[in-house]
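Accompanying notes for the structure given below.
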Amino acid sequence: MRWIVIFLAAIAISTAASSQSINGVYDISPEACTREMSDGRVNVQGNNLGFWESACQLTNPTTVRGMQAGALFDLKCSGEGEEWASRALVGLDYDGGLIIYNDGGMSKYFRC
Numbered sequence: 112m113r114w115i116v117i118f119l120a121a122i123a124i125s126t127a128a129s130s131q132s133i134n135g136v137y138d139i140s141p142e143a144c145t146r147e148m149s150d151g152r153v154n155v156q157g158n159n160l161g162f163w164e165s166a167c168q169l170t171n172p173t174t175v176r177g178m179q180a181g182a183l184f185d186l187k188c189s190g191e192g193e194e195w196a197s198r199a200l201v202g203l204d205y206d207g208g209l210i211i212y213n214d215g216g217m218s219k220y221f222r223c
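Residue numbering for the sequence shown follows our numbering, starting at 112 and increasing by one per position.
Encoded structure:
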């Protein structure tokens with residue numbers, strides 16, 4: 112579960128990194144967005160991320176040269192009685208979805 116949360120935690124990015132606000136609700140597919148509950152759902156509000164069974168705070172945003180809609184973040188997460196730290200690169204794609212790169216993996220999340 113920890114690697115899923117670390118991967119998902121990368122879902123926030125400061126509004127300074129993009130002209131489009133990152134705040135909102137995202138999920139793993141448009142269909143998942145229509146469900147009342149989904150364990151892939153992420154609520155983004157400022158630098159706080161809410162997940163199914165955990166939460167993360169994004170700190171130390173670092174812009175990446177040549178990436179207008181992305182930033183690198185340090186993550187401070189907790190959930191299921193554990194705490195951990197990680198780093199993640201997060202960016203918005205052309206249709207408002209999130210692209211997340213963390214520890215060798217990449218994923219896309221759809222805005223609900």
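A virtual CB, placed ideally from N, CA and C, is assigned to each residue, including glycine.
In this text the structure is predicted, and so the values were computed from the model without any measurement.
- Pair within 9 Å by beta-carbon distance, Thr174 and Ala182: yes
- Query: Residue range of the beta strand (DSSP E) that Pro142 falls in?
  - Reply: Note on identity: in this sequence residue 142 is Glu, with Pro being the wrong assignment. From DSSP, Glu142 is part of no beta strand (DSSP E) but of the alpha helix (DSSP H) over Pro141 to Cys144.
- Query: Excluding five sequence neighbours on each side, which residues of the same chain lie with their C-beta closer than 8 Å to the C-beta of Ala288?
  - Reply: The structure shown does not extend to residue 288, since the chain is modelled only from 112 to 223, so the question has no answer here.
- Message: On a Cα-Cα basis, can you pick out the residue from Asp206, Gly190 and Lys219 that is closest to Leu160?
- Response: Gly190
- Item | Whole-angstrom distance between Ile133 and Ile122, CA atom to CA atom | In this prediction, Ile122 has a pLDDT of 43, which is less than 50 and means its spatial position is unreliable; what the coordinates show is noted afterwards. So the two alpha carbons sit approximately 9 Å from each other.
- Task: Write down the C-beta distance between Lys219 and Leu203 rounded to the nearest angstrom, noting that I regard them as a contact closer than 8 Å.
- Result: In fact, because the Cβ distance is near 11 Å, the residues do not count as touching under 8 Å.
- Item | When Tyr137, Tyr205 and Cys144 are compared against Gln156, the one with the closest alpha-carbon | Tyr137
- Item | Arg222 versus Glu194 - alpha carbon distance | 27 Å
- Query: Can you pull the DSSP bridge partners for Val155?
  - Reply: Gly135 and Leu160
- Task: Identify whether Val175 lies in helix, strand or coil by the three-state DSSP scheme.
- Result: coil
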